[in-house]
Structure formats: C-alpha cells, structure tokens
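What follows is one structure encoded as structure tokens, with my remarks underneath.
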Amino acid sequence: MKKKFLITGLLTVLFTLPLVSQDSGDRPVTRDEVDEHFLNLRHRLDVIEKAVDDIMWHKRVGDVAYIDKVFHTGPPRANEPNPTAHGAGNPFRFWSYIFVPKDIDPSKKYPLLVFPHGGVHGDFNTYYTHIIREMMAQQYIVIAPEYRGSTGYGRRTFEAIDYGGLENQDVYAAREFMIENYEIVDQRNVGIIGWSHGGMIALMNIFEYPRDYKVAFAGVPVSDLVARMGYKRAEYELFFSADYHIGQKVNENMEEYRRRSPVYHAHKLNTPLLIHTNTNDADVRSYEVENLINRLKALDKDFEYEIFEEIPGGHSFDRMDTRFARETRLEIYKFIGQYLNPPRPFNDVRELERAAYRFN
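Residue numbering for the sequence shown follows the working numbering, beginning at 5 and increasing consecutively.
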C-alpha cells in the first residue's frame, strides 16, 4: 500500500510541476515539446510492462514449457530515418519468444507453429497463456515473433512499423531461425496461426511462401485495408499515414494499401487454410473477411471457413475462456493437426481444458 501511495505521489508531482525548457532558460515549453516528452515516456513505460510480461510468461507456462527469448534479424528498415548514417541499411533486429514442451524427447523432431501476435502496434503477451499451454500439451514447438512495430522495445522498434510489408518477412525470418537453430524442429511440419493482425500476417506468409508452411489458420483476420479504412475512425488511419510508415492516406495511394492487403493476393493460395470470422466483431468487421472469402471462392481455391453468427466475445470470441471458445479452438487444432501430426493431439474438449487451466 505504501508503494502505491508513493507512486501516486510521484506522478502527482510529475504532472503538476511547471514545465520549462531545459535548453532555453526559463522559456515555457511548447505543446510539441510536451507531446514529445510524453510520447517518449509512454515508450519507456511500455518497456517496463514488457519486462513484467517476460517474468509472467515463466510463471504462467513455466511448468509445461522451456521458455527462451532470442534476438535475431529481419530485412533492413523500409523507412530508415537517416539513410546516410553509419549502419543504415543493416538488417532489422527484433526479439522472438520460443516455447518448447518440457516433456519432449530431444532425440526426436516436433512440429513447429509460427504464432504472430495481433494489433497494429501490439505484442505477444500473457493474453495467450491458455493457448500456449494447449499447444504445449500437444507437443508443438512455438515461436512468437515480436516483429517491427511491436510495443515494449522502445520508440525505434515502434516506428520501424511496416504493417502489411516487411513485418511479414520478420515473421518468416522467425520461422527460418527455428529451422536453422533448433534440431528438434521438423522442418517438414511447419504451420502458422494468428488472429486479427496476426491472422493477416499468417495469410501473407502462406501467399508469399506457400512451400514453407503445411497449414494455416487465420482468425478474424485483417483482410482488406482499403475497405477497413472506410469504416474505421480517422485516428486509425493515422497509424498508416504517419511519416515513419506509409506516409499517405488510402485515397492518396490506394495501390499501396492494396499491396498490403491479403484479399489482393488471394490468387496465390496453395496452402491448406482455415478462416474464422464473427458477425458481431466490432474490430475486424465480418464483411471485410467475407471480401477475402468470396475472392477465394471466385478463384476456385480449396480452403475452409466458418462465419460465426453473433457469438459473445466479438473479436475475441474463440480466444476466450468460455466453453464455446474452447470447443472452437479444439476444431482449429483438429484442422491444423491433420497436416502437422502433433504427437499428442486433443481428442475432446476435456483434454484441452486440463491442459489450459492447470496452474502451479
């Protein structure tokens, strides 16, 4: 309780002190300087939150998984702020979580799931605890890349975002990292799974690298950025039109938004794919996903999908702790399992529940 009062007091002092410029005598700071100060503060707080999350991963799944966090590279930045600086053009560095089941036989090989997180600027946090536990129980090895634009790694990583672009290559680089460095990974059995923005990345990976994934699941995936900008608030478009990202709005460069949208790459599908959407999803509207579904149908592509009707939970309906969500995830695992053959597939929802909710 004392700590809570101390923090509250410090924040009160911080926000009530008169702001003066450090480089201009007693001149009051400008609004832009204040905004810049608090933007940097937000990124510093995100770094602290990520450090806490790293600890919580060990607490929540450490009984069933070996957990590592590796630092590796993807392609150079697309929006290098100073392209003539020493080191500009070097590969972009980012972190990935790795989860390995504790009960595996290290002399054998196991299927790999690549699991990109969602969010325009998001991270792989303990929201996915129960899903990782479910994957460990089936003896999947999992890599969850914190690709460019992820939060928790400071402003430079945040502003390296290339939504729908080089982030897809970061995720593919995470796949390659596992194959090159983990002998227990069966490179013939690699799948990719993601929800929302992670579902979009899963789609773009199988469209661009169809021979390198045996199966994919895309849950409530961002599918059509052009349509999406039409129903989102103006603030959402600022993520994309920021000068460190695309730098233009959709009406100024529609072709670039199309290039980053799965629906315009649907003709490339050659990988077994399952898509889910929910009609009451307020984040990724079902008609956006249906644009993709209808495009795949028109191309006579072989894939599976389900349009769920008004399921409680909206955008998160099949990631939650409800019985319906667990039963839905069981069907997802069965679909994936057809192609990846995990050593211990779930036979019913009770096995899934025992795996997901057994805590020390």
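C-beta: ideal position from N, C-alpha, C; glycine also.
Of the residues the options, which one's Cα is nearest the Cα of residue i?
i: Asn282; options: Phe328, Lys305, Leu303, Asp306; result: Phe328
i: Thr332; options: Val254, Met258, Glu138; result: Glu138
i: Ile340; options: Tyr291, Ile188, Phe119; result: Phe119
i: Ile336; options: Phe350, Thr326, Asp325; result: Phe350
i: Asp387; options: Tyr144, Tyr132, His125, Tyr176; result: Missing from the structure shown is residue 387; the chain here goes from 5 to 364 and no further.
i: Asn298; options: Tyr361, Ser227, Gly251, Asn257; result: Ser227
i: Asn185; options: Ser200, Ile197, Asn172, Ile147; result: Ile147
i: Leu242; options: Tyr167, Gln142, Gln191, Glu259; result: Tyr167
i: Arg348; options: Met60, Tyr101, Asp109, Glu53; result: Asp109
i: Asn209; options: Arg263, Gly198, Tyr176, Glu314; result: Tyr176
i: Ala178; options: Ala359, Glu314, Val353, Arg97; result: Arg97
i: His271; options: Thr34, Asp325, Gly223, Lys305; result: Lys305
i: Asp107; options: Phe244, Gln142, Gly223, Glu40; result: Gln142
i: Ile136; options: Glu187, Pro80, Arg192, Asp67; result: Asp67
i: Arg81; options: Val74, Lys73, Asp72, Gly91; result: Gly91
Could you give the DSSP three-state label for residue i: helix, strand or coil?
i: Phe147; result: The sequence shown places Ile at residue 147, not Phe. Of the three classes helix, strand and coil, the one that applies to Ile147 here is strand, per DSSP.
i: Phe363; result: A caution first: Phe363 carries a pLDDT of 46, below 50, which makes its placement in the model unreliable, though a value can still be read off. Coil at Phe363, not helix or strand.
i: Ala219; result: In the sequence as presented, Ala is not what sits at residue 219; that position holds Val. Val219 falls in the strand class under three-state DSSP.
i: Phe119; result: coil
i: Gln191; result: strand
i: Met5; result: Unreliable positioning characterises Met5 in this predicted model, as indicated by a pLDDT of 47, which lies under 50. The coordinate reading is nonetheless provided below. In this structure, Met5 counts as coil in the three-state DSSP scheme.
i: Ile205; result: helix
i: His125; result: coil
i: Gly198; result: strand
i: Glu212; result: helix
i: Pro32; result: strand
i: Glu310; result: strand
i: Pro114; result: Residue 114 is actually Tyr in this sequence, not Pro. Correct three-state label for Tyr114: strand.
i: Tyr268; result: helix
i: Ala286; result: coil
i: Thr370; result: Lying before the first or after the last residue shown, residue 370 is absent from the chain, which here runs from 5 to 364.
i: Arg46; result: helix
i: Lys253; result: coil
i: Leu15; result: Bear in mind that the predicted position of Leu15 carries a pLDDT of just 48, short of 50, making it unreliable; the figure below should be weighed with that in mind. Helix at Leu15.
i: His155; result: A quick correction: the sequence has Thr, not His, at residue 155. DSSP places Thr155 in coil when its eight states are reduced to three.
Is residue i buried or exposed, if buried means 16 or more other CB atoms sit within 10 Å of its CB?
i: His62; result: exposed
i: Phe103; result: buried
i: Thr20; result: With a pLDDT of 45 at Thr20, under the threshold of 50, the modelled position of this residue cannot be trusted, and the question is left open.
i: Ala238; result: exposed
i: Asp174; result: buried
i: Ser385; result: Given a span of 5 to 364 for the chain in the structure shown, any question on residue 385 remains unanswerable.
i: Asn44; result: exposed
i: Val56; result: exposed
i: Lys301; result: exposed
i: Asn86; result: exposed
i: Pro266; result: buried
i: Leu303; result: exposed
i: Tyr361; result: exposed
i: Asn295; result: buried
i: Lys54; result: buried
i: Thr275; result: buried
i: Glu150; result: buried
i: Gly198; result: buried
How about residue i and residue j: are their beta carbons less than 8 angstroms apart?
i: Lys218; j: Leu344; result: yes
i: Phe221; j: Leu273; result: no
i: Asn284; j: Gly234; result: no
i: Thr155; j: Asp127; result: yes
i: Gly394; j: Leu117; result: The requested residue 394 is not part of the displayed model; the chain covers only 5 to 364.
i: Val288; j: Tyr261; result: no
i: Phe321; j: Phe307; result: no
i: Val65; j: Met182; result: no
i: Pro105; j: Ala69; result: yes
i: Lys113; j: Asp190; result: yes
i: Glu357; j: Arg330; result: yes
i: Glu171; j: Arg152; result: yes
i: Arg159; j: His249; result: no
i: His134; j: Phe162; result: no
i: Gly93; j: Glu84; result: yes
i: His280; j: Glu310; result: yes
i: Ser100; j: His121; result: no
i: Pro346; j: Tyr213; result: no
i: Arg264; j: Gly169; result: yes
What span of residues does the alpha helix (DSSP H) with residue i cover, start to end?
i: Phe243; result: 238 to 245
i: Phe328; result: 327 to 344
i: His134; result: 133 to 141
i: Thr161; result: 159 to 162
i: Glu292; result: 290 to 302
i: Ile183; result: 170 to 185
i: Glu260; result: 258 to 263
i: Val230; result: 229 to 235
The beta strand (DSSP E) with residue i in it runs from where to where?
i: Asn282; result: 277 to 282
i: Ser100; result: 95 to 105
i: Asp72; result: 69 to 80
Could one say the Cβ of residue i lies closer than 8 angstroms to chain B's Cβ atoms, at least one of them?
i: Glu84; result: Here chain B cannot be found, since the structure has a single protein chain.
Mind checking whether the beta-carbon of residue i lies closer than 7 angstroms to any heavy atom of the ligand FMN?
i: Val219; result: As far as ligands go, the structure on display features none, and thus does not contain the ligand FMN.
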